[in-house]
């Protein structure tokens, strides 16, 4: 009996051990399955957190929506007047331009395209957290199609991290971030598209602006993306989305962005001077190199610009550049024509040696020049006046951008109608934003027509005068 009792106890103990092992294995298997599931989920989550996602996370808080309201006037048409017997009158209506912008510092400075805010009466900026702010225009560069805005947020704003557009590689991944088709209204989060750098240093004219160094990308860029960011895989700003080439009006994989290194030069000048002032080089007249001219100059192909006039004791003269030279490269950029030369030289930095390649009598030569002053003043030939670009303090005294008459010669040109202190802001229907733009507009008008209307402000009163041209002079 004692033996049997011990035997039953032994069997019971073995059963209890077996049951414990079974339960333990079940628990261990359940824990292992749960652990493996957790590991799998973490692996999937990690695989979703790609470099592109990280780049968007870093950059998108600094991208804003911009809504610009401007007023336009239209007059009753002749048909309306004749058919409806309406009294001719002017109609006013408001138009809204929607685009994107980039917060470039915690103080609230925002970079965008000029065409987004052009002639705006009011500008509203919506940041990624949904807050809205009224923005003021600090300055703009019409020719580069860039504008700098400022909002007062009362606290530090998320800012973009700067990249280097000079180191871009063809084929590297880029991300376009902006607000196409006004989709962010009611939802402050910007739209993201992905592509590669398709090409660099693309050059073409957009309306009356010429871009010499655009970044081409196949990341989808649509209306409303203007002023938004093109960032690299690290979320760093490398371009400002500006324009598309399309036969349909929508994205066809051919978008363009202004390089950030160029934009930084424009921003620096706007913050310092209120506008872009090109440096004084001393090459007053240039002309394109045609095929016939290239043959006469013993050049293998027609490229570069022919120097027609060089001022004495100028940076160009000091560098040995002479009349008849053909400049083919400046600061590492190939010069294909007049537009290239003007666009590149206008943003060159002062006090830095700039490499220049030229051809003289069929032979290549290398030189360099150092720019020391900016073009604050200009004396149009035959006008009898000197015009100046106002500095930031002076510009605040006027209602709009323009240039100032700073000197009037006696009994010459327009001395009988213009006075020292007159503020010129428009020629015909073209707004004069800067002294540089005045020169471009006047040169073009002289080539294409015999006269123009000059609009200016004197002691707070708007005035206008007609100006007609003869072959050798400009006269009223």
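Residue numbers (the numbering used here): -14 to 461. Just so it is clear, CB atoms sit at the ideal spot from N, CA and C, and this is done for glycine as well.
* **Contact check, residue 248 vs residue 202, beta carbons under 8 Å** => As a first step, residue 248 must be located in the chain shown, where it is residue number 263. As a first step, residue 202 must be located in the chain shown, where it is residue number 217. No. Outside cutoff.
* To do: Evaluate the contact criterion for the segment 125 to 136 versus the segment 147 to 155: three or more CB pairs, one atom per stretch, below 8 Å.
  => no
* **Inter-residue CB distance, residue 180 and residue 84 (contact presumed, cutoff 8 Å)** => Numbered from 1 along the chain shown, position 195 holds the residue referred to as residue 180. Numbered from 1 along the chain shown, position 99 holds the residue referred to as residue 84. Incorrect: roughly 20 Å between the Cβ atoms, too far for contact.
* Asked: Any contact of the segment 257 to 264 with the segment 211 to 226, i.e. 3+ C-beta pairs under 8 Å?
  -> no
* Within this structure, are the beta carbons of residue 409 and residue 439 separated by less than 8 Å? -> Here residue 409 refers to the residue found at position 424 when the chain shown is read from its first residue. Here residue 439 refers to the residue found at position 454 when the chain shown is read from its first residue. Cβ atoms of residue 409 and residue 439: closer than 8 Å.
* Asked: Whose C-alpha, out of 38, 337 and 353, is nearest the C-alpha of residue 176?
  -> Translated into the one-based positions of the chain shown, residue 176 becomes position 191. The shortest C-alpha separation from residue 176 is found at 38.
* Are residue 155 and residue 185 closer than 8 Å when you measure CB to CB? -> Here residue 155 is taken as the residue at index 170 of the chain shown, counted from 1. Here residue 185 is taken as the residue at index 200 of the chain shown, counted from 1. Yes, the pair counts as a contact, with Cβ atoms nearer than the cut-off.
* Asked: If you drop the 5 nearest sequence neighbours on each side, which residues of the same chain put their C-beta closer than 7 Å to that of residue 448?
  -> Indexing the chain shown from 1 puts residue 448 at position 463. So the list reads 441, once near-sequence residues are dropped.
* In angstroms with no decimal places, state the Cα-to-Cα distance between residue 278 and residue 285. => For the purposes of this step, residue 278 is taken as residue 293 along the chain shown, with counting starting at 1. For the purposes of this step, residue 285 is taken as residue 300 along the chain shown, with counting starting at 1. Approximately 11 Å, taken between the alpha carbons.
* **Where residue 458 falls: helix, strand or coil (DSSP)** => Numbered from 1 along the chain shown, position 473 holds the residue referred to as residue 458. Per-residue confidence for residue 458 stands at a pLDDT of 49, beneath the threshold of 50, marking its modelled position as unreliable; the derived number appears in the next sentence. Residue 458 falls in the coil class under three-state DSSP.
* Asked: Hey, would you say residue 311 sits closer than 8 Å to residue 291, going by beta carbons?
  -> Here residue 311 corresponds to residue number 326 of the chain shown, with the count starting at 1. Here residue 291 corresponds to residue number 306 of the chain shown, with the count starting at 1. Their beta carbons are under 8 Å apart, which means residue 311 touches residue 291 by this criterion.
* To do: Just the C-alpha distance for residue 461 and residue 428, rounded to the nearest angstrom, thanks.
  => For the purposes of this step, residue 461 is identified with residue 476 of the chain shown, where counting begins at 1. For the purposes of this step, residue 428 is identified with residue 443 of the chain shown, where counting begins at 1. A caution first: residue 461 carries a pLDDT of 46, below 50, which makes its placement in the model unreliable, though a value can still be read off. Distance between the alpha carbons of residue 461 and residue 428: 17 Å.
* How is residue 219 classed by DSSP in three states: helix, strand or coil? -> Numbered from 1 along the chain shown, position 234 holds the residue referred to as residue 219. Here residue 219 sits in coil by DSSP.
* **Where residue 340 falls, given that 16 or more other Cβ within 10 Å makes a residue buried** => Residue 340 sits at position 355 when you count from the first residue of the chain shown. Burial call: exposed.
* To do: Measure from the alpha carbon of residue 226 to the alpha carbon of each residue in 363, 190, 269 and 164, then state which is nearest.
  => Here the question's residue 226 lines up with position 241 in the chain shown. The shortest C-alpha separation from residue 226 is found at 164.
* To do: Rounded to whole angstroms, what's the CA-CA distance from residue 374 to residue 419? Just pull it up for me.
  => As a first step, residue 374 is located in the chain shown; it is residue number 389 there, counting from the start. As a first step, residue 419 is located in the chain shown; it is residue number 434 there, counting from the start. Roughly 6 Å separates the two Cα atoms.
* To do: Quick one: residues in its chain with C-beta nearer than 7 Å to the C-beta of residue 361, no 5 flanking neighbours on either side, listed in chain order?
  => Within the chain shown, the letter at position 376 stands for residue 361. Closer than 7 Å at the Cβ level, and outside the excluded window around residue 361, lie 262, 373 and 374.
* **Nearest-angstrom beta carbon gap, residue 87 and residue 96 [assumed within contact, 8 Å]** => As a first step, residue 96 must be located in the chain shown, where it is residue number 111. As a first step, residue 87 must be located in the chain shown, where it is residue number 102. That pair is a contact at about 5 Å.
* Any 3 or more C-beta pairs closer than 8 Å across the segment 41 to 51 and the segment 110 to 118 -> yes
* Of the residues 160, 80 and 205, the one placed nearest residue 215, counting alpha carbons only -> As a first step, residue 215 must be located in the chain shown, where it is residue number 230. Considering only alpha carbons, the answer is 160.
* Compute the beta-carbon to beta-carbon distance between residue 126 and residue 251, rounded to the nearest angstrom, for a pair I have assumed lies under 8 Å. => Within the chain shown, numbered from 1, the residue matching residue 126 stands at position 141. Within the chain shown, numbered from 1, the residue matching residue 251 stands at position 266. Between residue 251 and residue 126 the Cβ distance is about 5 Å, and since that is below 8 Å, they are a contact.
* To do: Check residue 360 in the structure and name its three-state DSSP category.
  => On the chain shown, residue 360 is found 375 positions in, with the first residue counted as 1. Residue 360 falls in the coil class under three-state DSSP.
* To do: With a threshold of 16 other CB atoms inside 10 Å of the CB of residue 407, please say whether the residue is buried or exposed.
  => Taking the first residue of the chain shown as position 1, residue 407 is located at position 422. Label assigned to residue 407: buried.
* **Residues near residue 417 by beta carbon distance below 8 Å, same chain, minus five either side** => Position 432 of the chain shown, counting from 1, holds the residue named residue 417. Same-chain partners within the cutoff: 386, 387, 388, 409, 410, 411, 423 and 426.
* Unbroken alpha helix (DSSP H) run spanning residue 300, endpoints -> On the chain shown, residue 300 is found 315 positions in, with the first residue counted as 1. Start and end: 300 to 303.
* Pick out the complete beta strand (DSSP E) segments inside the segment 161 to 191, 3 residues or longer, and give them in chain order. => 176 to 191
* **Residue range of the unbroken beta strand (DSSP E) whose run includes residue 126** => As a working mapping, residue 126 is identified with position 141 in the chain shown. Residues 117 to 126.
* To do: May I have the straight-line CA-CA distance separating residue 204 from residue 143, to the nearest angstrom?
  => Within the chain shown, residue 204 is the residue found at index 219, counting from 1. Within the chain shown, residue 143 is the residue found at index 158, counting from 1. Near 24 Å, if we compare the C-alpha coordinates of residue 143 and residue 204.
* To do: Quick one: using the 10 Å Cβ neighbour count with 16 as the cut-off for buried, is residue 152 buried or exposed?
  => Here the question's residue 152 lines up with position 167 in the chain shown. Exposed.
* For residue 344 versus residue 301, is the C-beta spacing smaller than 8 Å? -> In the chain shown, the residue the question calls residue 344 occupies position 359. In the chain shown, the residue the question calls residue 301 occupies position 316. For residue 344 and residue 301, no; Cβs fall outside 8 Å.
* Asked: Grouping DSSP H, G and I as helix and E and B as strand, with all else coil, what is residue 323?
  -> Along the chain shown, one-based indexing puts residue 323 at 338. In the structure shown, residue 323 sits in a helix (DSSP, three-state: H, G or I).
* **Candidates 353, 229 and 288: closest to residue 211 by CA position** => In the chain shown, the residue the question calls residue 211 occupies position 226. Nearest option by C-alpha distance: 229.
* Got a sec, what are the start and stop residues for the alpha helix (DSSP H) residue 336 sits in? -> Within the chain shown, residue 336 is the residue found at index 351, counting from 1. Residue 336 -> no alpha helix (DSSP H), and no H or E assigned at all.
* Span separating the alpha-carbon of residue 383 from that of residue 437 -> Here residue 383 is taken as the residue at index 398 of the chain shown, counted from 1. Here residue 437 is taken as the residue at index 452 of the chain shown, counted from 1. Looking at the two C-alpha atoms, the distance is approximately 23 Å.
* Do you know offhand how far residue 356's Cα is from residue 328's? -> Residue 356 sits at position 371 when you count from the first residue of the chain shown. Residue 328 sits at position 343 when you count from the first residue of the chain shown. If you take the alpha carbons of residue 356 and residue 328, they lie about 16 Å apart.
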